[in-house]
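K.L.:
For the sequence shown, counting from 1, position 81 maps to 81 in my numbering; every step adds exactly one.
C-beta: ideal position from N, C-alpha, C; glycine also.
Note that the structure is a prediction, hence the values are computed from the model and not measured.
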Amino acid sequence: MKMHIGGQWLDKDEKIEVQNPYDGSVIDTVPKSTPDDVSKAIATAQKGAQVMRRMPAYERYQLLDKAARLMYERQDDLGRTITMEEGKVIAEGVGEAGRSAETITLSAEEAKRLTGETLDLSAASNGVGKFGFTLRVPCGVVAAITPFNFPLNLVCHKVGPALAAGNAVVVKPASDTPLSAIKLVEILLEAGFPPEAVSVVTGSGSTIGDAVASDPRVRKISFTGSRDVGEHICRTAGLKKVTMELGSNSPVVVMDDADLDKVADGVALAGFANAGQVCISAQRILVQEKAYDDFTDALKSRVEGITTGDPLTEATKMGPMIRESDAERVESWVQDAVAGGARLVAGGSRSGTMHQPTILADVEPGMRVSCDEIFGPAVALTRVGDIDRAIAIANDTNYGLSASIFTQDIDRAIKYAQNVDSGNIHINWGTMWRADMMPYGGVKDSGMGKEGPKYTVQEMTETKMVVIH
Ligand code: NDP
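#1: Between the Cα of Met318 and those of Gln356, Lys112, Leu188, Ser351, spot the shortest distance and give me the residue it belongs to.
#2: Drop a sphere of 10 angstroms on the beta-carbon of Gly430, count the other beta-carbons inside from all chains shown, and report buried for 16 or more, exposed for fewer.
#3: What are the start and end residues of the alpha helix (DSSP H) that includes Trp9?
#4: Give the DSSP bridge partners of Arg389, in chain order.
#5: Do Tyr455 and the ligand NDP come close, with the Cβ less than 8 Å from some heavy atom?
#6: Going by C-alpha to C-alpha distance, which of Thr307, Met1, Gly7, Ser25 sits closest to Glu14?
#7: Please state if the CB of Asp261 and the CB of Ala291 are separated by a distance shorter than 9 Å.
#8: Spatial neighbours of Ser214 within its chain, please: CB distance less than 8 Å, with the 5 preceding and 5 following residues excluded, ordered by chain position.
#9: May I ask you to report which of helix, strand or coil DSSP gives Gln408?
#10: Mind checking Arg54: buried by the 16 CB within 10 Å criterion, or exposed?
#11: Can Glu117 be considered in contact with the ligand NDP, in the sense that its beta carbon sits closer than 8 Å to one or more heavy atoms?
#12: Cβ atoms of Lys88 and Ala273: under 9 Å apart, would you say?
#13: Using 8 Å as the cut-off, classify the Cβ of Gly441 as near or not near the heavy atoms of the ligand NDP, replying yes or no.
#14: Should Thr358 and Gly366 be called a contact, given that it needs their Cβ atoms to be closer than 9 Å?
#15: Out of Val330, Gly205, Asp388, point me to the one whose CA is closest to Leu286's CA.
#16: Grab me the residues of Asp65's own chain with a C-beta within less than 6 Å of its C-beta, minus the 5 sequence neighbours each way, in chain order.
#17: With a threshold of 8 Å (Cβ to nearest heavy atom), would Asp228 be considered close to the ligand NDP?
#18: Can you find a heavy atom of the ligand NDP that lies under 8 Å from the Cβ of Cys210?
#19: Per the DSSP calculation, Ala49 is bridged to which residue(s)?
#20: Inspect the beta-carbon positions of Cys279 and Gly247 and report whether they are closer than 9 Å.
#21: Considering Glu245, what are the terminal residues of the beta strand (DSSP E) in which it resides?
#22: Report the three-state DSSP secondary structure of Ala197 (helix, strand or coil).
#23: Can the beta-carbon of Asn249 be found less than 9 Å from the beta-carbon of Thr397?
#24: Compute the Euclidean distance between the alpha carbons of Thr177 and Val443, then round it to the nearest angstrom.
#25: I'd like to confirm something about Pro56: is its beta-carbon nearer than 8 Å to some heavy atom of the ligand NDP, or not?
#26: Closest to Leu163 by C-alpha separation, out of Gly276, Val345, Val128, Gln62, would be which residue?
#27: Confirm, please, whether the CB-CB distance from Ala144 to Ser222 is below 9 Å.
#28: Which residue or residues does DSSP assign as beta-bridge partners of His355?
#29: How long is the line joining the alpha carbons of Leu152 and Asn126, rounded to whole angstroms?
#30: Pull the bridge partners of Asn424 from the DSSP assignment, please.
#31: Give the straight-line distance between the Cα atoms of Asn167 and Cys156, rounded to the nearest whole angstrom.
#32: On a Cα-Cα basis, can you pick out the residue from Glu85, Leu10, Leu135 that is closest to Lys464?
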């Protein structure tokens, strides 16, 4: 596939191979762009921003709405593309494609809701006789830098609101998974967006990332990815608006009054969907003493029932990891934990990119499988005495994206929600749940700013205060 810069589709002699992580076969290639290509894309986006700024809100709504309808029509193709390049099972790939269309629909609706407020300036001693109101205006050029694990929906969460708010956008998708992002840009152009308004540059983040982040013509950077790259981008960006959606090692607390079958179902889903490569995957499972053994047995039977293999085969419930090096990293962290005294309850083995779904019990909070982001198909079980100890361990991390608790006791649930530092809290379900309209984002090293189209359009616009004297 080609990249879209300067208002047209461009190829390059140098290419990046996009591989199917299951069997290593080359699905397609994309151009390997340079910092000069990025500069050209941003120059075009500056012109696009002028066009978008003048486009009436209703027209922005109509174009996004049309794009969403095209996405629904092509949901199967988009889902298959996601599965082929990312490795998630086909049901998850098609599911992501459907959610992506919904994200664009939600964005379309927000195009009609960009309102300001009136202010009673007489509330200030010097404001009597004056009238004030605010206007929300687009930022101009938005840069969207996206990760591999939701290669379409997380692009939609940036591109949809950026266009809804009247900006131009330059997308830099993950090099492992650029194809679904390019298909999205094709759809947006087919829906009628001006070619200058939407660009997609393909190339390694280490080569072109600084050219995107440091360019003063970019007013807003929206990044989803790892903590370290996020911090690097913040340092490089200088005086820009930034939204950072970063990683986590999400805790699930299981109190002794919980419905253990429901917990086991929730953890099996939250820990192993997309081979654990979800920013809100359940990782640290903190189980109260009395429930510990029964819960471990209930989870073991479910996890051992997860069939692994070719993600395009309907019967497969978990596919490969994105790269062999990531599967090796998970394997070595699991081995380190076992060497340090943790007990292997299920899984533990690896072949190529395929790491078996793994449960480790008796994990100490200081072990790497617990205190770092594992981002793979393994969960770490730790015994806790009571709710206060559970909250203390849940908070003993630099991350804070999603946390959950299973209990029938409303007081314990509310105490958990109030005291755990996390952008999302779930009561009686696992950490991995999201509706695309809700405010979504982390605290601490999990980032700053919120996504969800209603919230993203706020972050992708500026407020102007107007005073009539
Ligand atoms: P990375 O941080 O490795 O990459 C994310 C994006 O940043 C890619 O497009 C990458 O390009 C680019 N990039 C890499 N280096 C630079 C640089 N120096 N400057 C600018 N851009 C750069 O993350 P992954 O793709 O591996 O995704 C996994 C991470 O994302 C996990 O930590 C996960 O928790 C997090 N995540 C967070 C979410 C949230 O909502 N909070 C949601 C999903 C994932 P390239 O691919 O070319 O290297």
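P.N.:
On the basis of the data shown:
#1: For the purposes of this step, residue 318 is taken as residue 318 along the sequence shown, with counting starting at 1. It is Gln356.
#2: In the sequence shown, residue 430 corresponds to position 430, counting from 1. Under this definition Gly430 is a buried residue.
#3: Along the sequence shown, one-based indexing puts residue 9 at 9. It is not in any alpha helix (DSSP H) - Trp9 instead sits in the beta strand (DSSP E) that spans 8-10.
#4: As a working mapping, residue 389 is identified with position 389 in the sequence shown. BP columns for Arg389 are empty, so no partner.
#5: For the purposes of this step, residue 455 is identified with residue 455 of the sequence shown, where counting begins at 1. Because no heavy atom of the ligand NDP lies under 8 Å away, the Cβ of Tyr455 does not count as near it: no.
#6: Stepping through the sequence shown from its first residue, residue 14 is reached at position 14. Ranking Thr307, Met1, Gly7, Ser25 by Cα distance to Glu14 puts Met1 first.
#7: As a first step, residue 291 is located in the sequence shown; it is residue number 291 there, counting from the start. As a first step, residue 261 is located in the sequence shown; it is residue number 261 there, counting from the start. In this structure, Asp261 does not lie closer than 9 Å to Ala291 by Cβ.
#8: As a first step, residue 214 is located in the sequence shown; it is residue number 214 there, counting from the start. Answer for Ser214: Thr236, Ala237, Gly238, listed in chain order.
#9: Position 408 of the sequence shown, counted from the start, is the residue given in the question as residue 408. Coil.
#10: Position 54 of the sequence shown holds residue 54. Classification of Arg54: exposed, given that the 10 Å Cβ count is below 16.
#11: Locating residue 117 in the sequence shown gives position 117, counting from the first residue. It does not: the Cβ of Glu117 is nowhere closer than 8 Å to a heavy atom of the ligand NDP.
#12: Your numbering for residue 273 matches position 273 in the sequence shown. Your numbering for residue 88 matches position 88 in the sequence shown. Going by C-beta atoms, Ala273 is nearer than 9 Å to Lys88.
#13: Along the sequence shown, one-based indexing puts residue 441 at 441. Yes; taking the cut-off as 8 Å, the Cβ of Gly441 has a heavy atom of the ligand NDP nearer than that.
#14: Working through the sequence shown from its first residue, we reach residue 358 at position 358. Working through the sequence shown from its first residue, we reach residue 366 at position 366. No, these two residues do not count as a Cβ contact at 9 Å.
#15: As a working mapping, residue 286 is identified with position 286 in the sequence shown. Comparing Cα positions, the closest option is Asp388.
#16: Taking the first residue of the sequence shown as 1, we reach residue 65 at position 65. Same-chain partners within the cutoff: Ala108.
#17: Mapped onto the sequence shown, residue 228 falls at position 228. Within the cutoff, so yes.
#18: Here the question's residue 210 lines up with position 210 in the sequence shown. At residue 210 the sequence reads Asp, which differs from the Cys that was named. Indeed, a heavy atom of the ligand NDP lies less than 8 Å from the Cβ.
#19: Reading the sequence shown from its first residue, position 49 is the one you call residue 49. Answer is none; Ala49 lacks a bridge partner.
#20: Taking the first residue of the sequence shown as position 1, residue 279 is located at position 279. Taking the first residue of the sequence shown as position 1, residue 247 is located at position 247. Yes, these two residues count as a Cβ contact at 9 Å.
#21: Mapped onto the sequence shown, residue 245 falls at position 245. Start and end: 241-245.
#22: Within the sequence shown, the letter at position 197 stands for residue 197. In this structure, Ala197 counts as helix in the three-state DSSP scheme.
#23: Residue 249 sits at position 249 when you count from the first residue of the sequence shown. Residue 397 sits at position 397 when you count from the first residue of the sequence shown. In contact: Asn249 and Thr397 (Cβ atoms closer than 9 Å).
#24: Counted from its first residue, the sequence shown places residue 177 at position 177. Counted from its first residue, the sequence shown places residue 443 at position 443. One C-alpha to the other measures close to 27 Å.
#25: Residue 56 sits at position 56 when you count from the first residue of the sequence shown. No, the Cβ of Pro56 stays beyond 8 Å of every heavy atom of the ligand NDP.
#26: Numbered from 1 along the sequence shown, position 163 holds the residue referred to as residue 163. Of Gly276, Val345, Val128, Gln62, the residue nearest in Cα terms is Gln62.
#27: For this step, residue 222 is matched to residue 222 along the sequence shown. For this step, residue 144 is matched to residue 144 along the sequence shown. In this structure, Ala144 lies closer than 9 Å to Ser222 by Cβ.
#28: For this step, residue 355 is matched to residue 355 along the sequence shown. The partner list for His355 (beta bridge, DSSP) reads Arg350.
#29: As a first step, residue 152 is located in the sequence shown; it is residue number 152 there, counting from the start. As a first step, residue 126 is located in the sequence shown; it is residue number 126 there, counting from the start. Going by the C-alpha atoms only, they are around 51 Å apart.
#30: In the sequence shown, counting from the first residue as 1, residue 424 sits at position 424. Beta-bridge pairing links Asn424 to Ser402.
#31: By 1-based counting over the sequence shown, the position of residue 167 is 167. By 1-based counting over the sequence shown, the position of residue 156 is 156. So the alpha carbons of these two residues sit roughly 14 Å apart.
#32: Along the sequence shown, read from residue 1 onward, the residue named residue 464 stands at position 464. Ranking the options by Cα distance to Lys464, first place goes to Leu135.
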